[in-house]
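Colleague:
Number of protein chains: 2
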Amino acid sequence: MDDQTDQTRKPRADAIRNRERVLEAAKAVFSAGGPEASLEAVAKRAGVGIGTLYRHFPTREDLFEAVYRREVEQLSELAEQLKSAKDPVDALRRWLRSGVEFVATKKGMVAALALAVQSGSELHAFSFDRLTKATGSLLDRAVAAGEMRADISPEDLLRAFFGMCYIHDQPGWQSTALRLLDVFVDGLRVQPKSSPRGPAKTKSRATKRKR
Amino acid sequence: MDDQTDQTRKPRADAIRNRERVLEAAKAVFSAGGPEASLEAVAKRAGVGIGTLYRHFPTREDLFEAVYRREVEQLSELAEQLKSAKDPVDALRRWLRSGVEFVATKKGMVAALALAVQSGSELHAFSFDRLTKATGSLLDRAVAAGEMRADISPEDLLRAFFGMCYIHDQPGWQSTALRLLDVFVDGLRVQPKSSPRGPAKTKSRATKRKR
DNA sequence: TGTTAAGCGGAGGGTGCCTCCGTATCTTCC
DNA sequence: GGAAGATACGGAGGCACCCTCCGCTTAACA
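In order, the protein sequences belong to chains A and B.
Residue numbers for the first sequence follow my numbering, so the first one is 1 and each next one is one higher.
Residue numbers for the second sequence follow my numbering, so the first one is 1001 and each next one is one higher.
What follows is the structure, encoded as structure tokens:
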């Protein structure tokens, strides 16, 4: 798009490498320890000095933001891949399930992201837009195939998804969320005329709660 | 209910006083500085030593929780008072507006509360229950007076309220939220047959954005 | 009024934040 | 290939905050 035609040198190789390392380490550390995690721990894990970390990401928020962007992009790419799956409804379902897993494994990350989203609304806009597009592309395909009702917007779907993940601190939340998602996707489905409402085939209906 | 009949001394007067002071100070400091605010600042503002603060509230979360409980109770009491107002619809509206103000003035507090709610679900249950009851009592009165539709539950109303405050980081959010609330309350109203929809009388429609 | 335990304050050791600057390394130009 | 200069690196150091610990103070009770 806009390559800087200023006579700026291209960035040094080690700088690029270090930036990458820090991002990788930050993702791991924040996932485990939440948004409060020590930046010095991040630097150590990345194998760089604390000064280097601060040069690349002057504030904690900058670092969050960078990690966040990357995660969102990754989710979007998954949607891209799923677009070539055979069954469009299943593709959508799989994507949403990945979203749950994303929330589950990131744990601390989620709180961090919430923080990041609070502080900068530009980032919020970016990610919402990105996820909406990803959802939309999967949704459209299912609708085009005549397998889903057409009156649900990607935004609605996203909101529903976030709503279902809202309980992500309760004990058995993950299986609950997955079950809700299944029900929801079933509801999105164009009902076959034969059965007014096909039973949702709840697999693992056990309300297994661990601690 | 259960006064301790054990032969325990009654708590010392200074202990009670100090606990109160710390709570007061914490409310102020967290409101201004958010959940990260220094506990030492809280102690200083309360005019007690840091050790005293930690004795009363061993962890940061304990302190949050105590402040939170008290705030929720205060909101509930406001509802109690409003129940004796003449116009039941107006009472409900006023209560909701107070909720917006609550969110607005507390600013940092809100993030803190979110944290507190995350960590302990018992607290969450308590506060949700409390607020639901408060909302319900106001809602019921309006419905009983024949001025509001009867098919909205207090929970729904609360959820809608939280949804409208969700944007509480955007610049002009407060006037937006108040406007949304007005519209919503109008919508709850039993429509008089004469006018199909009374205009919502948007006062201050300026989208004043500061910063 | 004396006894006693509950409560108080703040010093201090530990950790993390962030800045600053001498040193090391990469890029560019010859 | 080598010199020059820009760019990036690392980590010491000053500061703020966290939380514990313990000698001193003071309220409750007899």
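Backbone N, C-alpha and C fix where the C-beta goes; we use that ideal spot for every residue, glycine too.
Since the model is a prediction, treat every value here as computed from it, not as a measurement.
1. Can you tell me whether V1183 of chain B is buried or exposed? The criterion is at least 16 other CB atoms within 10 Å of its CB, across all chains shown.
2. In angstroms, rounded to a whole number, what distance separates the CA positions of Q1059 of chain B and E147 of chain A?
3. Is the distance from the Cβ of V143 of chain A to the Cβ of A150 of chain A below 8 Å?
4. Taking all protein chains shown into account, do 16 or more other C-beta atoms lie within 10 angstroms of the C-beta of F1057 of chain B, making it buried, or fewer, making it exposed?
5. Within the same chain, show all residues whose beta-carbon is closer than 7 Å to that of L157 of chain A, passing over the 5 residues directly before and after it, in chain order.
6. Would you kindly work out how many angstroms separate the C-alpha atoms of V1100 of chain B and R1021 of chain B, rounded to a whole number?
7. Where A1026 of chain B and L1063 of chain B are concerned, what is the direct C-alpha to C-alpha distance, given to the nearest angstrom?
8. Please state whether DSSP places R149 of chain A in a helix, a strand or coil.
9. At which residues does the alpha helix (DSSP H) containing V1042 of chain B begin and terminate?
10. Would DSSP call R17 of chain A helix, strand or coil?
11. Under 8 Å Cβ to Cβ from T1132 of chain B, same chain only, skipping five residues before and after it: list those, please.
12. Which of helix, strand or coil does DSSP assign to R55 of chain A?
13. Can you grab the Cα-Cα spacing for the pair W1095 of chain B / Q174 of chain A, in whole Å?
14. The alpha helix (DSSP H) that contains E36 of chain A, what's its start and end?
15. Restricting to Cα atoms, I'd like to know which of A:S76, A:E40, A:I50 and A:E61 is closest to S127 of chain A.
16. Please confirm whether R1130 of chain B and V1072 of chain B have their CB atoms less than 8 Å apart.
17. Thinking C-alpha only, which one of A:S38, A:T176, A:I152 and A:F162 is nearest G187 of chain A?
18. For a test of the three-state rule: what should DSSP assign to R1179 of chain B, helix, strand or coil?
19. If you reduce the DSSP assignment to three classes, tell me which class R12 of chain A lands in.
20. Give me the Cβ distance between V89 of chain A and V185 of chain A, rounded to the nearest whole Å; I'm assuming they're in contact under 8 Å.
21. Can you give me the Cβ contacts of L1082 of chain B inside the same chain, cut-off strictly under 7 Å, excluding the 5 residues immediately before and after it?
22. Looking at L181 of chain A and R97 of chain A, is the spacing between their C-beta atoms short of 8 Å?
23. Taking Cβ to Cβ, would you say E1040 of chain B is nearer than 8 Å to I1050 of chain B?
Modeller: If we stick to the structure as given:
1. Your numbering for residue 1183 of chain B matches position 183 in the second sequence. Result: exposed.
2. As a first step, residue 1059 of chain B is located in the second sequence; it is residue number 59 there, counting from the start. As a first step, residue 147 of chain A is located in the first sequence; it is residue number 147 there, counting from the start. The sequence as given places Thr at residue 1059 of chain B; Gln does not occur at that position. Distance between the alpha carbons of T1059 of chain B and E147 of chain A: 53 Å.
3. Indexing the first sequence from 1 puts residue 143 of chain A at position 143. Indexing the first sequence from 1 puts residue 150 of chain A at position 150. Yes, they are a contact pair.
4. Against the second sequence, residue 1057 of chain B aligns to sequence position 57. Buried.
5. Indexing the first sequence from 1 puts residue 157 of chain A at position 157. Beyond the five residues adjoining it in sequence on each side, L157 of chain A comes within less than 7 Å, by CB distance, of T135 and L139 in the same chain, given in chain order.
6. Position 100 of the second sequence, counted from the start, is the residue given in the question as residue 1100 of chain B. Position 21 of the second sequence, counted from the start, is the residue given in the question as residue 1021 of chain B. Distance between the alpha carbons of V1100 of chain B and R1021 of chain B is about 26 Å.
7. Here residue 1026 of chain B corresponds to residue number 26 of the second sequence, with the count starting at 1. Here residue 1063 of chain B corresponds to residue number 63 of the second sequence, with the count starting at 1. Roughly 8 Å separates the two Cα atoms.
8. As a first step, residue 149 of chain A is located in the first sequence; it is residue number 149 there, counting from the start. Here R149 of chain A sits in coil by DSSP.
9. Translated into the one-based positions of the second sequence, residue 1042 of chain B becomes position 42. Unbroken alpha helix (DSSP H) run through V1042 of chain B: L1039 to A1046.
10. Here residue 17 of chain A refers to the residue found at position 17 of the first sequence. Reduced to three states, the DSSP call for R17 of chain A is helix.
11. Locating residue 1132 of chain B in the second sequence gives position 132, counting from the first residue. The residues are P1154, E1155 and L1158.
12. Locating residue 55 of chain A in the first sequence gives position 55, where the first residue counts as 1. Helix.
13. As a first step, residue 1095 of chain B must be located in the second sequence, where it is residue number 95. As a first step, residue 174 of chain A must be located in the first sequence, where it is residue number 174. Their backbone Cα atoms lie some 35 Å apart in a straight line.
14. Position 36 of the first sequence holds residue 36 of chain A. Segment: none, E36 of chain A is in no alpha helix (DSSP H) and carries neither H nor E.
15. Along the first sequence, one-based indexing puts residue 127 of chain A at 127. Comparing Cα positions, the closest option is A:S76.
16. Translated into the one-based positions of the second sequence, residue 1130 of chain B becomes position 130. Translated into the one-based positions of the second sequence, residue 1072 of chain B becomes position 72. Yes. Within cutoff.
17. Translated into the one-based positions of the first sequence, residue 187 of chain A becomes position 187. The option with the nearest alpha carbon to G187 of chain A is A:I152.
18. Here residue 1179 of chain B corresponds to residue number 179 of the second sequence, with the count starting at 1. DSSP places R1179 of chain B in helix when its eight states are reduced to three.
19. By one-based count along the first sequence, residue 12 of chain A stands at place 12. DSSP places R12 of chain A in coil when its eight states are reduced to three.
20. What you label residue 89 of chain A is simply residue 89 of the first sequence in a count that begins at 1. What you label residue 185 of chain A is simply residue 185 of the first sequence in a count that begins at 1. V89 of chain A to V185 of chain A, Cβ: 7 Å. Contact.
21. Residue numbering aside, residue 1082 of chain B sits at position 82 when the second sequence is read from its first letter. A distance below 7 Å between beta-carbons, with the five flanking residues on each side excluded, links L1082 of chain B to the following residues of its chain, in chain order: A1091, R1094, W1095 and L1138.
22. The sequence position of residue 97 of chain A within the first sequence is 97, counting from 1. The sequence position of residue 181 of chain A within the first sequence is 181, counting from 1. Against a cut-off of 8 Å, the Cβ pair of L181 of chain A and R97 of chain A comes out as a contact.
23. To locate residue 1040 of chain B, count along the second sequence from 1; it is residue 40. To locate residue 1050 of chain B, count along the second sequence from 1; it is residue 50. Yes.
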